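Residue numbers (full-length UniProt numbering): 1 to 112. Think of the CB as a built atom: it goes at the ideal place given N, C-alpha and C, for glycine as much as any other residue. These numbers were taken from a predicted model, which means no experiment stands behind them.
This is the structure:
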(Lines of atoms letter the chains of each structure in order from A and count residues from 1; the text may use other names and numbers.)
(Lines give C-alpha, C1' and ligand atoms only; values in the text may rest on other atoms or scores of the structure.)
Protein backbone atom coordinates (compact mmCIF):
# COMPACT_ATOMS: atom_id res chain seq x y z
CA UNK A 1 0.00 0.00 0.00
CA UNK A 2 1.48 3.32 -0.99
CA UNK A 3 1.36 6.40 1.19
CA UNK A 4 -1.07 9.25 0.75
CA UNK A 5 -1.19 12.93 1.55
CA UNK A 6 -4.39 14.80 2.28
CA UNK A 7 -5.18 18.07 0.54
CA UNK A 8 -8.51 19.79 1.15
CA UNK A 9 -10.06 16.55 2.41
CA UNK A 10 -8.96 14.53 -0.63
CA UNK A 11 -6.33 11.75 -0.52
CA UNK A 12 -3.53 11.66 -3.10
CA UNK A 13 -1.21 8.69 -3.56
CA UNK A 14 2.53 9.23 -3.16
CA UNK A 15 5.45 6.83 -3.50
CA UNK A 16 7.81 5.86 -0.68
CA UNK A 17 9.89 9.00 -1.26
CA UNK A 18 6.86 11.28 -1.21
CA UNK A 19 6.58 11.94 -4.95
CA UNK A 20 3.04 12.17 -6.32
CA UNK A 21 2.00 8.79 -7.74
CA UNK A 22 -0.09 10.24 -10.58
CA UNK A 23 1.18 13.40 -12.28
CA UNK A 24 -2.35 14.28 -13.44
CA UNK A 25 -3.63 14.42 -9.87
CA UNK A 26 -1.58 17.53 -9.11
CA UNK A 27 -3.29 20.60 -7.69
CA UNK A 28 -1.47 23.60 -6.19
CA UNK A 29 -2.56 22.57 -2.69
CA UNK A 30 -0.34 19.50 -2.97
CA UNK A 31 2.73 21.73 -3.20
CA UNK A 32 1.57 23.70 -0.16
CA UNK A 33 1.05 20.55 1.93
CA UNK A 34 4.36 18.98 0.86
CA UNK A 35 6.19 22.23 1.60
CA UNK A 36 4.61 22.43 5.05
CA UNK A 37 5.84 18.86 5.72
CA UNK A 38 9.34 20.15 4.90
CA UNK A 39 8.80 23.27 7.08
CA UNK A 40 8.78 25.60 4.07
CA UNK A 41 6.25 28.34 3.45
CA UNK A 42 5.85 28.80 -0.29
CA UNK A 43 6.49 32.30 -1.62
CA UNK A 44 6.05 33.72 -5.12
CA UNK A 45 9.70 32.79 -5.76
CA UNK A 46 8.95 29.15 -4.94
CA UNK A 47 5.90 29.20 -7.22
CA UNK A 48 8.00 30.65 -10.07
CA UNK A 49 10.22 27.57 -9.91
CA UNK A 50 7.36 25.09 -9.36
CA UNK A 51 5.42 26.49 -12.33
CA UNK A 52 8.59 26.61 -14.41
CA UNK A 53 9.21 22.91 -13.67
CA UNK A 54 5.68 21.95 -14.63
CA UNK A 55 6.00 23.79 -17.95
CA UNK A 56 9.42 22.24 -18.54
CA UNK A 57 8.04 18.76 -17.88
CA UNK A 58 5.07 19.35 -20.17
CA UNK A 59 7.42 20.35 -22.98
CA UNK A 60 10.21 17.77 -22.53
CA UNK A 61 8.44 14.94 -20.61
CA UNK A 62 11.37 14.80 -18.20
CA UNK A 63 12.18 16.38 -14.84
CA UNK A 64 15.47 18.27 -15.19
CA UNK A 65 18.52 17.45 -13.10
CA UNK A 66 19.86 20.35 -11.04
CA UNK A 67 22.46 21.57 -13.58
CA UNK A 68 19.91 21.62 -16.38
CA UNK A 69 17.38 23.27 -14.08
CA UNK A 70 19.83 26.00 -13.08
CA UNK A 71 20.66 26.83 -16.71
CA UNK A 72 17.04 26.76 -17.87
CA UNK A 73 15.86 28.94 -14.96
CA UNK A 74 18.65 31.44 -15.75
CA UNK A 75 17.46 31.68 -19.36
CA UNK A 76 13.80 32.10 -18.48
CA UNK A 77 13.81 33.98 -15.15
CA UNK A 78 17.15 35.79 -15.22
CA UNK A 79 20.72 35.15 -14.09
CA UNK A 80 19.99 36.21 -10.49
CA UNK A 81 17.61 33.23 -10.19
CA UNK A 82 19.56 30.85 -12.41
CA UNK A 83 22.18 29.90 -9.86
CA UNK A 84 22.33 27.03 -7.42
CA UNK A 85 22.77 29.28 -4.37
CA UNK A 86 19.42 30.98 -5.05
CA UNK A 87 17.69 27.67 -5.83
CA UNK A 88 19.08 25.98 -2.70
CA UNK A 89 17.90 28.92 -0.61
CA UNK A 90 14.36 28.11 -1.77
CA UNK A 91 14.66 24.32 -1.79
CA UNK A 92 17.27 23.31 0.81
CA UNK A 93 16.78 19.57 0.21
CA UNK A 94 17.89 20.00 -3.39
CA UNK A 95 16.30 22.27 -5.98
CA UNK A 96 15.68 19.50 -8.49
CA UNK A 97 14.46 16.80 -6.09
CA UNK A 98 12.44 18.91 -3.68
CA UNK A 99 10.98 21.32 -6.23
CA UNK A 100 9.98 18.45 -8.53
CA UNK A 101 8.24 16.74 -5.63
CA UNK A 102 6.28 19.92 -4.84
CA UNK A 103 5.44 20.28 -8.56
CA UNK A 104 4.00 16.76 -8.67
CA UNK A 105 6.70 15.56 -11.07
CA UNK A 106 8.62 12.30 -10.94
CA UNK A 107 12.05 12.29 -9.31
CA UNK A 108 14.56 13.85 -11.73
CA UNK A 109 16.89 11.51 -13.57
CA UNK A 110 20.30 11.31 -11.98
CA UNK A 111 19.02 12.19 -8.49
CA UNK A 112 19.71 9.73 -5.71
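- Uninterrupted alpha helix (DSSP H) stretches at least 4 residues long and entirely within the stretch 53–103 occur at 66–77, 84–90, 95–102, given in chain order.
- Contact check for residue 96 against residue 108 passes: the beta carbons are separated by less than 7 angstroms.
- According to DSSP, residue 3 shares a beta bridge with 14.
- Beta-bridge pairing by DSSP links residue 20 to 14.
- If you draw a straight line from the Cα of residue 32 to the Cα of residue 47, it comes to about 10 angstroms.
- Burial of residue 104 is indicated by the presence of at least 16 other C-beta atoms within 10 angstroms of its C-beta.
- Here DSSP, grouped into helix, strand and coil, assigns residue 106 to coil.
- Taking 7 angstroms as the cut-off, the Cβ atoms of residue 12 and residue 3 do not count as close.
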